[in-house]
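Protein chains: 2
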Amino acid sequence: MNKYRVTFLPEQKEVEVEAGTTLLQAAEKAGIQINTLCGGEGLCGECRVQVVGGKARADKNAIGFFSKDELQKGFVLACQTKVEDDLQVFVPAKSRAGEEHIITEGTTIAYSEPERVVLHRRPYDPASFFGPLVSKVYLELPEPTLADNTADIERITRELRKKVGRENYEISLACLQNLAEKLRRYDWKVTATVAWHGNIGRILSIEGGDTTDRHYGLAVDVGTTTVVVQLVDMRTGKVMGVEGSHNLQARFGEDVISRMVFACGRGSLDEVHKAIITNINNLLGTLSQSKNVDTNDITAIVAAGNTTMSHFLLRLMPCNIRLEPYVPTATVYPQVIARELGIQIHPQGILEVMPGVASYVGGDIVAGILACGMADKPEIKCLIDVGTNGEIVIGNNEWLVCCSASAGPAFEGGGSRCGMRAARGAIQKVKIHNGQVTYEAIGKTKPRGLCGSGFIDIIYELVRNGIIGPDGKFTGSKDGKRLTDDDDPRYILAFPEETESGEAVSISESEIANLIKSKGAVFAAIKSLADYVGLKFDQLDTIYVAGGFGSSLDITKAVAIGLLPDIDTSRIQFIGNSSVMGARMALLSAHAFEKAIDISKKMTNIELSNYPPFMDEFIAALFLPHTNSSLFPSVHY
Amino acid sequence: MNKYRVTFLPEQKEVEVEAGTTLLQAAEKAGIQINTLCGGEGLCGECRVQVVGGKARADKNAIGFFSKDELQKGFVLACQTKVEDDLQVFVPAKSRAGEEHIITEGTTIAYSEPERVVLHRRPYDPASFFGPLVSKVYLELPEPTLADNTADIERITRELRKKVGRENYEISLACLQNLAEKLRRYDWKVTATVAWHGNIGRILSIEGGDTTDRHYGLAVDVGTTTVVVQLVDMRTGKVMGVEGSHNLQARFGEDVISRMVFACGRGSLDEVHKAIITNINNLLGTLSQSKNVDTNDITAIVAAGNTTMSHFLLRLMPCNIRLEPYVPTATVYPQVIARELGIQIHPQGILEVMPGVASYVGGDIVAGILACGMADKPEIKCLIDVGTNGEIVIGNNEWLVCCSASAGPAFEGGGSRCGMRAARGAIQKVKIHNGQVTYEAIGKTKPRGLCGSGFIDIIYELVRNGIIGPDGKFTGSKDGKRLTDDDDPRYILAFPEETESGEAVSISESEIANLIKSKGAVFAAIKSLADYVGLKFDQLDTIYVAGGFGSSLDITKAVAIGLLPDIDTSRIQFIGNSSVMGARMALLSAHAFEKAIDISKKMTNIELSNYPPFMDEFIAALFLPHTNSSLFPSVHY
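If you read the protein sequences in the order shown, they are chains A and B.
So the mapping is simple: this note's numbering equals the position in the first sequence, first residue as 1, plus 31.
So the mapping is simple: this note's numbering equals the position in the second sequence, first residue as 1, plus 31.
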């Protein structure tokens with residue numbers, strides 16, 4: 032069989048491969064990691080490379096991923112292109128796997144949390160913070176005598192009652208089996224690791240000596256698109272590090288529905304389940320290495336995710352979530368030994384999954400409610416979490432109603448050519464003034480793409496400058512040099528020479544239409560829910576906005592495009608990834624976790640699919656800012 | 032190598048074996064099961080056989096097991112005797128393994144319980160009986176609709192709350208993982224198996240359809256000498272069958288101390304642990320087969336045993352139990368999945384071990400307190416459990432004190448040549464009148480030996496007839512034809528021609544001395560405990576006597592030899608195996624199990640080894656009935 036040489040640029044790495052090998056396989060052989068969200072099936076378009084020497088053509092099924100210009104320049108999908116010649120192949124930064132990962136590590140911008148909302152106010156509140164979900168307690172036990180020869184375990188619980196002040200303890204058999212020997216070997220000085228669950232303290236392990244200075248936990252946000260893990264010091268509540276990565280389940284489908292179809296049909300639940308376990312293990316492995324933490328000192332994980340992700344995480348059958356009447360297996364989950372699922376922490380370490388409400392209102396939303404504190408006080412507030420689904424909650428300390436609407440991945444950087452999640456190089460701020468475009472990329476580098484907040488900015492700027500009309504179509508009147516004449520015309524935000532990859536960053540008319548659909552769905556959901564409970568927007572004390580838009584969100588512009596209700600913007604707060612924030616609060620406070628369960632039970636879910644006014648609201652919202660301008664009195668372009 | 036023929040009698044089974052094979056191995060080859068409590072190490076003397084043809088001699092280390100007469104008749108230990116000739120060997124019934132087992136199955140006399148104490152009064156009390164430790168509940172669930180699309184597990188717990196009236200439920204991950212599919216396959220008609228623990232119902236399994244008519248549990252008494260398993264119908268509380276066998280741990284030592292020495296020294300805890308698991312599996316296997324019960328329908332076990340046995344059962348390190356200050360690993364034990372210990376019941380079926388108090392006051396005693404109900408009422412009562420240890424409890428519904436004294440195995444039929452446990456052929460009643468001896472063996476058969484109640488009777492009859500004095504020595508004055516002239520003279524109760532084996536049933540002076548020590552230790556413990564709490568015996572409302580004496584106990588004679596206090600005998604009740612009785616009560620009533628935990632916490636243990644008056648009491652009690660005759664005013668021989 033013929034062999035060919037493939038040289039990858041800019042590294043100049045050369046490998047010899049047999050004819051018929053894909054470029055993806057060749058790159059692997061060369062040690063170059065290329066994105067393969069779809070698992071190399073030609074579905075995600077993430078493995079774009081440019082053949083700059085030798086003969087290779089894009090597979091005809093892959094043509095849709097490229098513009099005419101790109102095809103002429105030799106762009107192909109690495110996974111769909113077979114080597115039949117000696118080739119020189121340029122791998123753009125954007126197509127490299129791990130690239131985002133590495134960047135995230137440095138900046139963690141995407142996961143930064145508004146400190147004011149949580150970090151100081153709540154976990155340091157003694158009532159909650161000093162009762163983390165799992166705590167380590169150092170005990171110096173009195174040695175037994177004939178007059179005090181109570182059983183070993185009772186000697187421990189007696190001291191725990193004194194030191195911790197709680198009454199009821201349980202111990203696992205495994206831990207009990209070697210207890211006697213341990214106590215004596217360590218001269219009655221031991222550290223008990225205790226998980227709090229309801230009114231019971233479950234003793235997970237007894238270690239010799241004082242190990243209380245080594246105690247860690249993980250707060251995990253299992254998003255449909257990305258997985259974020261925070262390594263938390265359980266003594267101080269401090270976040271020691273954070274890592275994020277694409278959800279490896281993407282290879283089974285981009286959204287929850289297609290992953291359920293896979294798991295319940297031609298594929299297997301096991302595969303999808305294992306993907307997320309691998310995600311978590313990878314991230315916690317990286318974190319523990321970089322922070323020099325022994326994974327055996329990680330004793331607890333709280334994970335928050337939507338209901339489908341929570342099912343995949345626990346390997347619960349999710350198949351009825353997608354079928355009317357949308358019944359999940361569970362919305363409140365059992366406490367699990369993390370190792371039983373293959374998560375590599377302390378052998379007896381626990382995993383708690385944040386409780387949810389219904390098939391489309393999950394633990395991520397409950398975590399968000401916990402994080403923003405809206406269930407603590409009598410003022411009526413609103414939480415809007417914009418992800419692939421937009422979830423809305425309205426309520427206070429007495430009642431909570433919620434709903435969910437499919438918003439698509441647009442605001443998370445999905446579904447468009449230049450969309451990306453909020454990582455280094457993502458344009459997060461845009462301004463167009465007198466035909467001049469200025470933008471700011473995360474990390475102050477050359478731009479690589481657009482994240483959610485950037486999309487909001489650009490839509491606002493396009494309509495304010497009359498480049499698109501309120502219907503989202505290009506007016507053609509201005510800025511001609513930035514408009515392409517494709518079938519689906521694109522507005523070029525950054526020309527190739529300005530960008531890291533040498534490819535333009537742009538947005539097309541159909542992509543704008545998608546974004547309008549997304550914002551329309553979110554707004555229609557907010558409006559429907561407010562109508563359902565008979566509230567006007569200005570009766571909302573505060574609106575919290577959560578989601579992966581980026582490190583900041585221009586609230587005024589988000590209102591101006593009709594995504595958020597038109598109330599005094601000082602009453603709208605962007606709180607970022609409230610899912611991981613709530614997970615961390617529960618990790619640091621068993622009381623907060625109990626509260627999350629109470630919240631989940633208290634919430635009333637309104638099925639929008641069963642609520643006819645929603646569709647009318649949706650159609651009315653497919654306009655900038657809205658077909659009913661009286662809803663947006665302050666918006667004038 | 033030479034080969035020889037060995038013929039076993041009375042079966043006439045012949046086998047050919049190589050020279051040097053032991054008689055035990057030869058018997059195995061012939062399919063004849065011979066007792067080997069010590070595992071064939073020549074320690075227990077249980078494998079006595081008689082060589083009636085050919086040449087074989089007792090190993091010199093085994094000589095101590097036989098009288099001169101027996102040695103002359105060709106008695107040897109099968110395990111210590113090598114075949115070096117063609118032999119004819121008679122295997123007495125008493126040496127046959129399984130013999131007792133088979134007999135027990137027919138009569139179950141040894142485990143019969145005074146019905147009046149428990150069976151009717153307590154488990155059928157609705158407050159306790161209708162809440163067994165594990166219950167099965169049949170549910171016909173409403174099918175989900177858009178208006179009622181709560182999660183599958185919530186649909187189940189909602190219905191459980193309605194039907195059972197309890198609030199809090201948990202479910203194992205394993206059970207949750209296939210729940211969705213099961214509910215739909217069985218058309219929302221399922222049976223939930225729920226274990227009650229504290230205020231929480233733990234759902235162990237969900238089965239399709241109505242399976243409530245198949246639900247069983249096991250009550251287990253893990254005695255040092257014998258293991259008894261009752262198969263219980265969890266619907267009705269009825270005992271469907273009972274099986275008992277020798278504790279297989281005997282091969283590691285006869286008493287708890289030598290087993291601990293083995294487990295903590297040259298042997299391994301694992302072996303001792305596995306022996307008891309094998310015991311339980313064997314007995315439950317036999318029961319489930321004979322009663323046609325699927326072991327997967329057995330969902331719960333409650334086991335009661337002394338603290339050492341409980342440790343062995345759960346594989347907890349028992350090593351400090353035997354060392355001052357006698358500290359066990361635990362006295363209250365975690366709920367365990369029985370399969371995790373290798374017990375072959377329902378995969379999620381639970382094992383609860385009855386809580387104990389201290390190293391030498393175990394769960395068997397707490398079970399006894401539960402069974403006799405002495406902690407229910409204000410009257411002060413006393414429980415005396417006579418086994419290898421004698422355990423005493425005094426108290427009422429407000430307080431309980433207890434102690435333990437080493438009594439030796441005499442009353443359980445151990446430690447003497449003709450002693451046996453209460454099974455078919457055991458002499459349980461003896462009368463001597465005008466030189467005439469009459470006796471009654473269990474099963475009305477030819478006698479095989481003496482059980483505890485028989486020993487009490489014979490000591491009483493011997494002293495009453497002046498054959499022994501109050502010091503336990505033969506007076507030599509009467510009944511000369513029944514007295515042997517050995518170094519350790521024996522009184523022959525049944526001549527060889529009267530017995531099943533053709534061997535006399537007798538008792539020797541040193542065996543009488545041992546029995547007096549046993550009764551002295553028990554009485555001294557009762558007296559010490561009564562003194563400790565400042566009570567005279569006649570202030571005790573009732574004395575309950577438990578233990579493996581036999582199916583009945585002559586209370587008057589037990590008082591007359593100074594084993595039990597001299598109070599009105601109508602206030603002394605023999606209650607048999609109260610350990611398995613209490614275990615069954617806990618099995619049938621979660622409330623009773625909780626109560627057992629309360630009892631165990633309430634009990635104050637008095638360490639007699641730390642209580643100087645005990646030794647004086649013990650020495651004073653080494654007389655018939657007692658050196659202080661004013662303690663036994665009603666006793667006149």
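Yeah, the Cβ is synthetic: ideal placement off N, Cα and C, and Gly gets one too.
Nothing here was measured: the structure is a model prediction, and the numbers come from that model.
Hey, how far is the Cα of residue i from the Cα of residue j?
| i | j | result |
| --- | --- | --- |
| A:Pro643 | A:Glu115 | 57 Å |
| A:Arg245 | A:Gln280 | 33 Å |
| A:Ile668 | A:Pro123 | First, the residue type needs correcting, since residue 668 of chain A is Tyr and not Ile in the sequence shown. Going from the Cα of A:Tyr668 to the Cα of A:Pro123 covers about 38 Å. |
| A:Gly373 | A:Ile288 | 25 Å |
| B:Gly51 | B:Thr256 | 32 Å |
| B:Pro356 | A:Leu177 | 5 Å |
| A:Ser435 | A:Thr53 | 41 Å |
| B:Ile425 | B:Tyr575 | 10 Å |
Could you work out which residues of chain A lie near residue i, taking near to mean beta carbons separated by less than 8 Å?
| i | result |
| --- | --- |
| B:Met405 | By Cβ distance, chain A contributes nothing, its closest Cβ being about 23 Å from B:Met405, past 8 Å. |
| B:Asn180 | Pro356, Tyr357, Val358, Ala389, Ser390, Glu638 |
What did DSSP end up calling residue i once you bin it into helix, strand or coil?
| i | result |
| --- | --- |
| A:Ile411 | coil |
| B:Leu653 | coil |
| B:Met634 | strand |
| B:Asp328 | helix |
| B:Val553 | helix |
| A:Val46 | strand |
| B:Val590 | helix |
| B:Gly129 | Note on B:Gly129: pLDDT 48, under 50, position unreliable in the model; the coordinate value appears next. DSSP places B:Gly129 in coil when its eight states are reduced to three. |
| A:Ile374 | coil |
| A:Leu639 | helix |
| B:Met32 | coil |
| B:Gly3 | Coverage of chain B is limited to positions 32 through 668, which leaves residue 3 of chain B absent and any answer about it impossible. |
| B:Ile498 | coil |
| A:Tyr491 | helix |
| B:Ile134 | Only weak support exists for where B:Ile134 lies, its pLDDT of 27 falling under 50; the value from the coordinates is given anyway. In this structure, B:Ile134 counts as helix in the three-state DSSP scheme. |
| A:Phe505 | strand |
| A:Phe663 | coil |
| B:Asp516 | coil |
| B:Lys567 | coil |
| B:Asp252 | strand |
At 7 Å on the CB atoms, spell out the chain A contacts of residue i, in chain order.
| i | result |
| --- | --- |
| B:Asn671 | Summary: the structure shown does not reach residue 671 of chain B, with chain B confined to residues 32 through 668, and so no result is reported for it. |
If the cut is a Cβ gap below 7 Å, which residues of chain B does residue i touch?
| i | result |
| --- | --- |
| A:Cys350 | Ala211 |
| A:Ser203 | Pro365 |
| A:Leu347 | Leu207, Gln208 |
| A:Ile184 | Thr360, Ala361 |
Starting from the C-beta of residue i, find all residues in its chain whose C-beta is less than 7 Å away, skip the five residues before and the five after it, and write them out in chain order.
| i | result |
| --- | --- |
| A:Ser126 | Ile65, Asn66, Glu77, Cys78, Arg79, Val80 |
| B:Gly551 | Phe649, Ala652, Leu653 |
| B:Phe663 | Gly593, Asp597, Pro656, His657 |
List the residues of chain B that residue i touches, going by C-beta distances under 8 Å, in chain order.
| i | result |
| --- | --- |
| A:Gln103 | The premise fails here: A:Gln103 is roughly 51 Å from chain B at the closest Cβ pair, so nothing lies under 8 Å. |
For a contact defined as C-beta to C-beta under 9 Å, what are the partners of residue i on chain B?
| i | result |
| --- | --- |
| A:Leu177 | Glu355, Pro356, Tyr357, Glu638, Ser640, Asn641 |
Quick one: what's got a C-beta closer than 8 Å to residue i's C-beta in the same chain, skipping five residues either side?
| i | result |
| --- | --- |
| B:Ala457 | Gly444, Met451, Ala472, Ile473, Pro478, Arg479, Gly480, Leu481, Cys482, Gly485, Gly581 |
Leaving out the 5 sequence neighbours to the left and right, which residues in its chain are closer than 6 Å to residue i when beta-carbon positions are compared?
| i | result |
| --- | --- |
| A:Phe343 | Val303, His304, Ile307 |
| A:Glu171 | Lys220 |
| B:Phe605 | Val576, Leu584 |
Exercise. Do three or more CB pairs link the segment 611-627 of chain B to the segment 486-494 of chain B at distances below 8 Å?
Worked result: Segment contact: the segment 611-627 of chain B against the segment 486-494 of chain B, fewer than three CB-CB distances shorter than 8 Å; contact not assigned.
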